[in-house]
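Asker: Take this structure first; my questions come after.
Below you can see the structure in the form of structure tokens.
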């Protein structure tokens, strides 16, 4: 098999994995947080993983404009999932954090994603799992290097 053929096969496999991951997210969204869209789930996952964040950091992480993030957070705030906190040191700085309800939603999303990833690893032997993780780390690192502004 040529490199181009392997690249095509890899692309198809990655597309299938992305579709499966999206289906897992949709299944998770049909749980106690059925009214969340993909961006809202990404934001809740980010805050759940990394804790309270400044609006600018949220925008950078989600690759959205700050005004789009403001709209996103407005919606989540109305649903009682996040709250804004002004910095005591600098009132211009606004942090966003999960509420108690948002934390419960995060745990439900996290658990659904963990089930999905475990289902991917279950058919593999322990050695195959380790090999897969090594390969994914390498691919992710290389992708990050290629997308880095200094690489262009």
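Numbering (this note's numbering), first residue to last: 352 to 503.
No residue lacks a Cβ here, since even glycine has one placed at the ideal position from N, Cα and C.
Keep in mind it's a predicted model, so treat the numbers as computed, not measured.
#1: What runs of the alpha helix (DSSP H), each 4 residues or longer, lie entirely inside the segment 369 to 447?
#2: Looking only at DSSP bridge pairs, what is residue 449 linked to?
#3: Tell me whether residue 475 sits in a helix, a strand or coil according to DSSP, three-state version.
#4: Is residue 352 helix, strand or coil when you go by DSSP?
#5: Check whether the segment 463 to 472 and the segment 418 to 426 touch, using three or more Cβ-Cβ pairs below 8 Å as the test.
#6: Below 8 Å on the Cβ atoms is my contact criterion, and I expect residue 447 with residue 437 to pass it. Report the Cβ-Cβ distance as a whole number of Å.
#7: Does residue 352 pass the burial test, meaning 16 or more other C-beta atoms within 10 Å, or should it be called exposed?
#8: Measure the Cβ-Cβ separation of residue 395 and residue 432 and say whether it is below 8 Å.
#9: In chain order, what residues of the same chain lie with their CB nearer than 6 Å to the CB of residue 478, ignoring the 5 residues before and after it?
Answerer: Reading it off the structure:
#1: 389 to 401, 406 to 413 and 417 to 429
#2: Here residue 449 corresponds to residue number 98 of the chain shown, with the count starting at 1. In DSSP, residue 449 forms a bridge with 433.
#3: Counting from one through the chain shown, the residue named residue 475 turns up at place 124. If DSSP states are grouped into helix, strand and coil, residue 475 belongs with coil.
#4: Within the chain shown, the letter at position 1 stands for residue 352. In this structure, residue 352 counts as coil in the three-state DSSP scheme.
#5: no
#6: What you label residue 447 is simply residue 96 of the chain shown in a count that begins at 1. What you label residue 437 is simply residue 86 of the chain shown in a count that begins at 1. That belief does not hold up - the Cβ atoms of residue 447 and residue 437 are roughly 11 Å apart, past 8 Å.
#7: Stepping through the chain shown from its first residue, residue 352 is reached at position 1. So residue 352 ends up on the exposed side.
#8: By one-based count along the chain shown, residue 395 stands at place 44. By one-based count along the chain shown, residue 432 stands at place 81. Cβ atoms of residue 395 and residue 432: closer than 8 Å.
#9: Taking the chain shown and counting its residues from 1, one reaches residue 478 at position 127. Closer than 6 Å at Cβ, skipping near neighbours: no residue.
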